[in-house]
Structure formats: C-alpha cells, structure tokens
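**Q** Chains as they are written, first to last, in my numbering: chain A, 1 to 114; chain B, 115 to 227.
Structural data, given as structure tokens:
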C-alpha cells in the first residue's frame, strides 16, 4: 500500500513569490492534515479536512495561505506571497475513520525562502 | 489550550544503554498520548501510544508510562541500537482520534557506538 505522497520534496523561491505543495493521502483515508514544522520543533497543525470540508483551519494564516481538497482526495496548500519566515517543512498526513488516532505522514516539502 | 513540554532536547547514550524522554502536558482532559519517531528527511512515524485508562504499555524494547495525576508521561528505550538515532516527539490529545494532537518540541537521540 502506498504511503502519503507529497511534492515537491524541496522548493527554493524568492520572497514575495507564490508556491504550492501537493499531497496525495493513503487510499481510503478521508481525513487529511497539513502541518508546519519549523527547524527543531514539533509539527503544528495548519488545517484539517474531513473529506472535502475544512473542519479546522483556525491556525491557517489566511492572509497568505490557502488550501483546497476539491474532490476529497488529494490536496494543495498554497502560499502567496511567501515571506522569509515561511521557510520550514510542510507535512501532510492522513487518517481514516477506522484508525485509532495514528497519523500517517508524508516525507514533507522543505521550503526555503530567500 | 493544550501545551506539551518535552525534555531533554538532545540526548546521547552509549549503545546498549537505556534512554528516557519525559513530557508534561497541561490539559487534564487529554486522554491520548502518542510517541512519534522522525528520521532524517522523513515524516514522523508512530512508534507507540498510550491512553489514559492505563499507566504503562510496552512493545519490545520501548515502553511508555503515564502519570495522570502529575500530568506527565515518559518514553523508555532499552538496549539502544544505532537505528534508534532519530528525533522523538511526544504528543497529547483531548480526543482519542488524531484531530486534536499537540506535539512537543522533540528530543534528538544519538546512540554512541
């Protein structure tokens, strides 16, 4: 069974440029999460989807960040415009209703903003 | 909201010795405590978890203990091996699902040969 797939793995951009990250969760997993991981820190939740509905986006900086999961499967996280402080790893994770709380993470997308 | 504190931030132990990582949480309503291991360039992976209705859980060389009264929990790794080198995160959740998980800041464990 394939795991959570994220792309790109690495992205380097100039500040004020836009960037997008893509995530494909494990097949059948209806809940999808985007986490932010700063260097030397634990993951912090940005947004959680149940199918195509964003049920918790309270920590998403909505002035520059947006996300979508149009068909309830894969998802895109966008930053526009990017700032220096956005340099971090963006992790996607998924769980299914039958899981007992385990998050399945992708390998992450490392963003560097110059 | 929930706050999870983890220490130490770095830990170096001799191969074969034991390693202990400790965490405290603030919300007495938390009832689910997972531990994740993150290897370099990878996403975190669940290694063990414990729920508030038990005080200890063991899986081969790893064990977790939970003290609800003191609001702290610990990860114990015995007979450490080189492949145990990684960053370990504790977490706490007020829900038995993954929806409300708050992570600690991590412990970088190094195993000396």
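Each residue gets a CB set at the ideal place from its N, CA and C atoms; glycine is no exception.
Quick one: is residue 48 (chain A) near chain B, going by C-beta distance under 8 Å?
**A** As a first step, residue 48 (chain A) must be located in the first chain, where it is residue number 48. Residue 48 (chain A) counts as touching chain B.
**Q** Can residue 106 (chain A) and residue 4 (chain A) be called in contact, C-beta distance under 8 Å?
**A** Working through the first chain from its first residue, we reach residue 106 (chain A) at position 106. Working through the first chain from its first residue, we reach residue 4 (chain A) at position 4. Yes, these two residues count as a Cβ contact at 8 Å.
**Q** Three or more C-beta pairs closer than 8 Å, one from the region 84-96 of chain A and one from the region 135-147 of chain B: is that the case here?
**A** no
**Q** With three or more C-beta pairs closer than 8 Å as the rule, is the region 188-207 of chain B touching the region 150-159 of chain B?
**A** yes
**Q** Going along the chain, which residues of its own chain have a beta-carbon closer than 6 Å to the beta-carbon of residue 164 (chain B), five neighbours each way excluded?
**A** Translated into the one-based positions of the second chain, residue 164 (chain B) becomes position 50. Hits under 6 Å: 147, 171, 178, 180.
**Q** Over the uninterrupted beta strand (DSSP E) stretch that includes residue 176 (chain B), give me the two end residues.
**A** For the purposes of this step, residue 176 (chain B) is taken as residue 62 along the second chain, with counting starting at 1. Counting along the chain, the beta strand (DSSP E) containing residue 176 (chain B) begins and ends at 176-181.
**Q** Could you check how far apart the C-beta atoms of residue 86 (chain A) and residue 45 (chain A) are, in whole angstroms? I think they sit under 8 Å.
**A** Position 86 of the first chain, counting from 1, holds the residue named residue 86 (chain A). Position 45 of the first chain, counting from 1, holds the residue named residue 45 (chain A). Not a contact, Cβ separation roughly 16 Å.
**Q** Is it true that the CB of residue 191 (chain B) sits closer than 8 Å to the CB of residue 175 (chain B)?
**A** In the second chain, counting from the first residue as 1, residue 175 (chain B) sits at position 61. In the second chain, counting from the first residue as 1, residue 191 (chain B) sits at position 77. Yes, they are a contact pair.
**Q** DSSP three-state label for residue 86 (chain A), please.
**A** Position 86 of the first chain holds residue 86 (chain A). Correct three-state label for residue 86 (chain A): helix.
**Q** Measure from the C-beta of residue 154 (chain B) to each C-beta in chain A and report whether the shortest distance is under 8 Å.
**A** On the second chain, position 40 is the one that residue 154 (chain B) refers to. By this cut-off, residue 154 (chain B) is not an interface position.
**Q** I want to know whether the region 62-79 of chain A touches the region 37-54 of chain A - three or more CB-CB distances under 8 Å.
**A** yes
**Q** Can you pull the chain A neighbours of residue 200 (chain B), defined as C-beta to C-beta under 7 Å?
**A** Along the second chain, one-based indexing puts residue 200 (chain B) at 86. Those do not exist, as residue 200 (chain B) stays about 14 Å from chain A at its closest Cβ, beyond 7 Å.
**Q** Out of curiosity, what's the CA-to-CA distance linking residue 11 (chain A) and residue 81 (chain A)?
**A** Residue numbering aside, residue 11 (chain A) sits at position 11 when the first chain is read from its first letter. Residue numbering aside, residue 81 (chain A) sits at position 81 when the first chain is read from its first letter. A direct Cα-to-Cα measurement between residue 11 (chain A) and residue 81 (chain A) gives close to 14 Å.
**Q** According to DSSP, which residues form a beta bridge with residue 159 (chain B)?
**A** The sequence position of residue 159 (chain B) within the second chain is 45, counting from 1. According to DSSP, residue 159 (chain B) bridges with B:151.
**Q** Which value, in whole angstroms, describes the spacing of the CA atoms of residue 22 (chain A) and residue 219 (chain B)?
**A** What you label residue 22 (chain A) is simply residue 22 of the first chain in a count that begins at 1. What you label residue 219 (chain B) is simply residue 105 of the second chain in a count that begins at 1. If I take the Cα positions, the gap works out to 25 Å.
**Q** Could you work out which residues of chain A lie near residue 161 (chain B), taking near to mean beta carbons separated by less than 7 Å?
**A** To locate residue 161 (chain B), count along the second chain from 1; it is residue 47. Simply none; closest approach about 10 Å.
**Q** Chain B partners of residue 95 (chain A), CB-CB under 9 Å?
**A** Residue mapping note: residue 95 (chain A) aligns to position 95 of the first chain, counting from 1. Within chain B, the residues near residue 95 (chain A) are 211, 212, 213.
**Q** Using 8 Å for Cβ pairs, my map puts residue 252 (chain B) next to residue 126 (chain B). What's the rounded Cβ distance?
**A** Summary: the structure shown does not reach residue 252 (chain B), with chain B confined to residues 115 through 227, and so no result is reported for it.
**Q** From this set, A:27, A:65, A:88, A:6, which residue's C-alpha is nearest residue 97 (chain A)'s C-alpha?
**A** Your numbering for residue 97 (chain A) matches position 97 in the first chain. Considering only alpha carbons, the answer is A:27.
**Q** Which class does residue 198 (chain B) belong to by DSSP, given the choice of helix, strand or coil?
**A** To locate residue 198 (chain B), count along the second chain from 1; it is residue 84. Note: residue 198 (chain B) maps to helix in three-state DSSP.
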